[in-house]
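All letters in the sequence shown, in the order written, are residues 0 to 468 by numbering that gives the first Met the number 0.
Beneath this line is the structure, given in structure tokens, with notes to follow.
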Amino acid sequence: MHSFSSAIRRINLRVLFSVVFLGSLCYYAGWLSHWPAPQDSALEWKDFEAKRVTITVQAPQATVTVIPEAEEAVVLNGSPTDTFQDNLRHDVRYITTWPGNGFTNEAMSLMNLIYLAMLTERVPILPAFNPSHLSGGSPDTGEVVDTTFGKVFDVPRLAKELRMPILEWWQVKDRQSTTVDSLGCWNVWQATMEHSSGPQYSATPGKLNIDISWTIAPKWVKLKPDAANEAHAKFTGLMALAFPEQRNRNLRTPSKSPLLGLSVPPNEQLLCFNNLYYTANVEGFEFERDYSTAWRLVGKHLYWNPRIEEIARGYLRRTFGLGADATIPPYITIHVRHGDFKGACHIPPDECFAPLSAIARRVDEVKEELQRLKDITAVHVILTSDETNITWWEEVAAYGWYRIDHSATAPTYGAWYPVLIDTAIQSEGKGFVGTDRSTVSLITARRVKEWHDGVVRSVKWGKVGADDH
């Protein structure tokens, strides 16, 4: 009780002292406020303000973890060698393929190869593109030569975005080498196409002086086992053959190689398959599906070589009548494929293929959607096609659509460039109208949607009114 009373007294004294002090302070402040300033003095009341002391307190430093970019992996012994084996490192596993069915299909095959390299944790070695669809090559020989993957696509950017090393065959084996290398590969084609008499043809091994001995893959790699001539293989099936258990379990007598006559089992360090175009996870032709793994994980990262992009922009500016440094306006491209599709028509071509009026209807849909959803006014429309009929092109001009002038392209840049420039121009548009069942249109549509959030349509064909809707 005594201690409690003492505490009360101490508190009361503190309160009393505080009241007296605050009262005095208020009185003194009021007295100062009535003090007159001298008439002729330049002194202002702000000079009587208490001096301010600025104390700079350093904030705690954030801890930032900086992860440096990984150094580029060393995956070869050095410069290209006469025989490819001499350039392969013993601590690295590789994978390659032998495509041969047109530029876009080969590009899709190599997207599949890179995806399979991810699954198998191997380094892909990419072959050059075959000019099987081109004509009008060298003025001296008339020959159209292969073009390397890196001349077409931005390989350094691809490797950086995928965070994996990517090789091309010219880096592995000297292109001037006459040494014939023996190599054992898996023959997927005869495993999926049961009535085929041999592996699917590719000119690439011969150009590299690589002599292939084929081992037919097991039937279980087939995507649809009950469909005798359905060509698709499963990614997981091919992946399993990259590892010792399934490889060793499924070995059989290899074929004799055509040049050296050797029977060689599938190489363990350099895994190789024939054409990977027909490879899927769930269903055939998965590039058409939104879930396509090869597109999502590889294809969307496959940008054009910067030189091709720059050349394509120059063609666009000249086509639109713009200055050399002018901004290129938003545009829509059309891809009309007729050429080899005529073989799929069982009626006259003018009844089989969609009329220009049907294409124009799709163009109007793209324009309207760009304006409504994205506030983009796309006035310029470019049509690219393999059609050679002059009257047809005159009808195209009547719609006010542009056509790329390629009269000097091949002589200036080479036989590959009309196709490459057209495809690069197509993929840089804000909108796209393609031809149904064309892989060129399919991949371009995916690029326009993925790279530019663009608007795309596809025109059906095969009968009169096929695209009516």
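Glycine included, every Cβ here is placed at the ideal spot set by N, Cα and C.
This one's a predicted model, so the numbers in the text were calculated from it and none came from an experiment.
- Restricting attention to D349, V151, T326, the CA atom closest to the CA of G413 is found in V151.
- Judged by DSSP in its simplified three-state form, A232 adopts strand.
- Bridge pairing for G461: absent [DSSP].
- In this structure, the CA atom of R316 is about 7 angstroms from the CA atom of I327.
- In the DSSP assignment, D324 falls outside any beta strand (DSSP E) and carries neither an H nor an E.
- Sequence-distant Cβ neighbours of Y200 in its own chain, meaning closer than 7 angstroms and more than five residues away, are G99.
- Short of 7 angstroms from the beta carbon of V463, and not among the five residues preceding or following it, lie these beta carbons of its own chain, in chain order: E350.
- Note on geometry: alpha-carbon atoms of C184 and G322 lie some 53 angstroms from one another.
- DSSP, read as helix, strand or coil, puts S181 in strand.
- Per DSSP, the continuous beta strand (DSSP E) segment holding I381 begins and ends at 379-384.
- For S212, DSSP records a beta bridge to G183.
- The C-beta separation of W168 from P204 comes to about 10 angstroms, leaving the pair out of contact by the 8 angstroms criterion.
- If you check the CB distance, P79 and K172 come in under 7 angstroms.
- Taken in chain order, the whole beta strand (DSSP E) runs of length 3 or more contained in the region 337-391 are 379-384.
- The C-beta distance from D385 to R336 rounds to 6 angstroms, short enough to meet the 8 angstroms contact threshold.
- Contact check for T438 and N104: beta-carbon distance about 6 angstroms, within the 8 angstroms limit, so the pair qualifies.
- Per the coordinates, the alpha-carbon of N304 lies some 18 angstroms from the alpha-carbon of I113.
- Collapsing the DSSP output to three states places G313 in a helix.
- Only exposed fits N388, as fewer than 16 other CB atoms lie within 10 angstroms of its CB.
- For P123, DSSP records a beta bridge to I94.
- Distance from the CA atom of V144 to the CA atom of H231, rounded to whole angstroms, is 29 angstroms.
- Residue pairing of V335 in beta bridges, as defined by DSSP: S384.
- Scanning its chain for C-beta atoms nearer than 7 angstroms, with the 5 sequence neighbours on each side dropped, one finds around A357 the residues V458, D466, in chain order.
- By the criterion of a C-beta distance shorter than 7 angstroms, N208 is surrounded in its chain by S176, T177, T178, V179, D180, once the five residues flanking it on both sides are discounted.
- Beyond the five residues adjoining it in sequence on each side, E449 comes within less than 7 angstroms, by CB distance, of K299 in the same chain, given in chain order.
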